[in-house]
Amino acid sequence: KAITEMDSAKTAEQFLTVANKFERIALAEKNQWLPYYYSALSRTTATFISQNTAEIDAILDVAQKHINVADSLMPNNSEIVLMKGMILGGRIMVDPMSRGMQFGMQSSMLTSQAMTLDPNNPRSYLMMGQSLFYTPEQFGGGKEKGCVQLQIAKEKFGIFIPASSLHPNWGKEMMEETLKQCLTETQPEKQD
2 KAITEMDSAK TAEQFLTVAN KFERIALAEK NQWLPYYYSA LSRTTATFIS
52 QNTAEIDAIL DVAQKHINVA DSLMPNNSEI VLMKGMILGG RIMVDPMSRG
102 MQFGMQSSML TSQAMTLDPN NPRSYLMMGQ SLFYTPEQFG GGKEKGCVQL
152 QIAKEKFGIF IPASSLHPNW GKEMMEETLK QCLTETQPEK QD
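Written out as structure tokens, the structure reads:
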């Protein structure tokens, strides 16, 4: 039920409410990594859409704590390593100018590590694609580089089957939305 609520959440407040539900589940199921993972995912997603940058670090501190527990329960898991990178990506939003280089490189390294751990995980390619898409070319990114990774993510989503109905299966809609931007923002302007 909590996964369904997370999938339908639209606001930062809704994501934080469902994160608290996952936290309660995690406290009851202390040996299961998925509730800790989903708590971290919900909190991190909340920071991506929040308008209040003053709260981001505190929210991500809890997400980091939860993903560390998940990692201790399920080491070397692509989804968990990717989430660590996403948390760092969220921290950039507090102050992109001072945090971008440090956290951006660390986040990219974790995303690459997640790709190595599971080359079939479409979310790793999605996150790499989004990171490159929104990173200026002078800092190693660019829309075209991002779109290449997003196209790979699309192919991976086409064949991805989660291990169970409880395992991570998010990201396809996000990938489709960003791919639409690829089509509109990387095409040359039509000359009349």
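To convert, take the position in the sequence shown, counting from 1, and add 1; that gives our numbering.
For glycine and all other residues, C-beta sits at the position ideal for the given N, C-alpha and C.
For my contact list, residue i and residue j are in at a C-beta cut-off of 8 Å; report their separation, rounded to the angstrom.
i	j	result
threonine 112	serine 99	21 Å between Cβ atoms; not a contact.
leucine 61	threonine 48	6 Å
leucine 127	glycine 172	5 Å
Could you give the distance in angstroms between the alpha-carbon of residue i and the alpha-carbon of residue j?
i	j	result
glutamate 6	valine 19	7 Å
tyrosine 39	phenylalanine 23	6 Å
threonine 54	valine 95	5 Å
phenylalanine 104	glycine 90	7 Å
leucine 151	lysine 66	29 Å
tryptophan 34	asparagine 78	10 Å
leucine 74	proline 36	11 Å
phenylalanine 161	serine 125	12 Å
lysine 157	asparagine 122	7 Å
Please list the terminal residues of the continuous alpha helix (DSSP H) segment that includes residue i.
i	result
glutamine 52	Taken as a continuous stretch (DSSP letters only), glutamine 52 belongs to no alpha helix (DSSP H), as it is neither H nor E.
glutamate 174	173–186
lysine 2	Segment: none, lysine 2 is in no alpha helix (DSSP H) and carries neither H nor E.
Verify the contact flag: residue i, CB atom, against every heavy atom of the ligand MG, threshold strictly below 7 Å.
i	result
valine 149	As far as ligands go, the structure on display features none, and thus does not contain the ligand MG.
Should residue i go down as buried or exposed, given a rule of 16 or more other Cβ atoms within 10 Å for buried?
i	result
methionine 84	buried
proline 120	exposed
threonine 179	buried
phenylalanine 140	exposed
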